Amino acid sequence: MSESVTERPVTDKPGVQRGGDLLTPERLLALSDGIFAFAATLLVVNLDVPSIPAGQEASALPGALASLFDQLEAFVLSFYLIAVFWTIHQRQFRYLRMLDDGLLWINLLSLLLVVLIPFSTALVSRYGDYLMGAVVFELNMLLAGLVFTGQFFYAVRRPHFFSHAYSSSEVRRALRRNLLIPAASTLAIGVAFVNPGLSTSAYWLILVYVLVERAVLKRRSASAS
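Just add 150 to the spot in the sequence shown (first one is 1) and you have the numbering used here.
Below, the structure written as structure tokens:
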């Protein structure tokens, strides 16, 4: 027995324009923030507490902690990259007042790839010296970065979604920010075929770029005033 469904008329209320229930941007942002926080928290699960025989703690603990360097390095790097994704996401949706099903599902796809980061981090922390271990992590970052970039293009081509009109300079700057992780991932994958253990170092170039960009913008602002 089928039930009849009455479609709601489209209103000016911010939310998803669709035939069923309205989903407000606030709920989507709350879900996204929760998943980002969950993924960042899961990273610490990959850190192993050293198991040291009784009576040898004082002498063995320093060496045991030193052996965790690869895990700690992967933890710090992944936490930083998740923070970069979260910052990009917040900037993309800062002025959002409504969205459609397309943007909703693109965002969910990006969150799926974010949730995979703790797994690929655990893989690269244990097998980062091998090509497959490094490339899986870098492909995770590459795909996530490309989806975030596609999400930005999808949204910015629908200016009625936003309460703020983006200028061409704002779009160009946002595009550069969105492409940082895909560019670093492409470089990292190339390096991985030569030296897998060094390939993830390419991601720290993102931090260098951000610091240089901030210094340039600060200098321009000071000279303009």
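By construction, the Cβ of each residue, glycine as well, lies at the ideal position given by its N, Cα and C atoms. Computed from a predicted model, the values in this text were never measured in an experiment.
(request) Could you have a look at residue 298 and say whether DSSP puts it in helix, strand or coil? (result) Three-state DSSP puts residue 298 in a helix.
(request) Flag this pair as yes or no: are the beta carbons of residue 238 and residue 189 separated by less than 7 Å? (result) The criterion of a C-beta distance shorter than 7 Å is not satisfied by residue 238 and residue 189.
(request) Could you name the residues that DSSP lists as bridge partners for residue 312? (result) For residue 312, the pairing in a beta bridge is given by DSSP as 246.
(request) Using the Cα positions of residue 310 and residue 213, report the straight-line distance between them to the nearest angstrom. (result) Rounded to whole angstroms, residue 310 and residue 213 show a C-alpha spacing of 58 Å.
(message) Once the 5 residues before and after residue 356 are set aside, which same chain residues still bring their CB inside 6 Å of it?
(response) Once the five neighbours on either side are set aside, the close Cβ partners of residue 356 are 330, 334.
(request) Would you kindly work out how many angstroms separate the C-alpha atoms of residue 281 and residue 219, rounded to a whole number? (result) CA-to-CA, the gap between residue 281 and residue 219 works out to about 19 Å.
(message) Quick test of your reading: residue 227 and residue 359, contact by CB under 8 Å. State the CB separation rounded to the nearest angstrom.
(response) Actually they do not touch by this definition, with Cβ atoms about 15 Å apart.
(request) Would you check if there are 3 or more beta carbon pairs closer than 8 Å linking the segment 244-251 to the segment 193-212? (result) In short, these stretches do not touch, since the Cβ pair count stays below three.
(request) Would you check if there are 3 or more beta carbon pairs closer than 8 Å linking the segment 282-296 to the segment 308-323? (result) These segments do not touch.
(message) For residue 176 and residue 249, I'd like the C-alpha separation in whole angstroms.
(response) Cα to Cα, residue 176 sits roughly 11 Å from residue 249.
(request) Note down, in chain order, each residue of its chain lying with its Cβ closer than 7 Å to the Cβ of residue 306, except the 5 sequence neighbours on either side. (result) Once the five neighbours on either side are set aside, the close Cβ partners of residue 306 are 316, 321.
(message) Tell me the DSSP secondary structure of residue 238 in three-state form.
(response) In the three-state reduction of the DSSP assignment, residue 238 falls in the helix class.
(message) Between the segment 363-371 and the segment 269-277, can you find at least three pairs of beta-carbon atoms closer than 8 Å?
(response) With a cut-off of 8 Å, the segment 363-371 and the segment 269-277 do not count as touching, because too few Cβ pairs lie within range.
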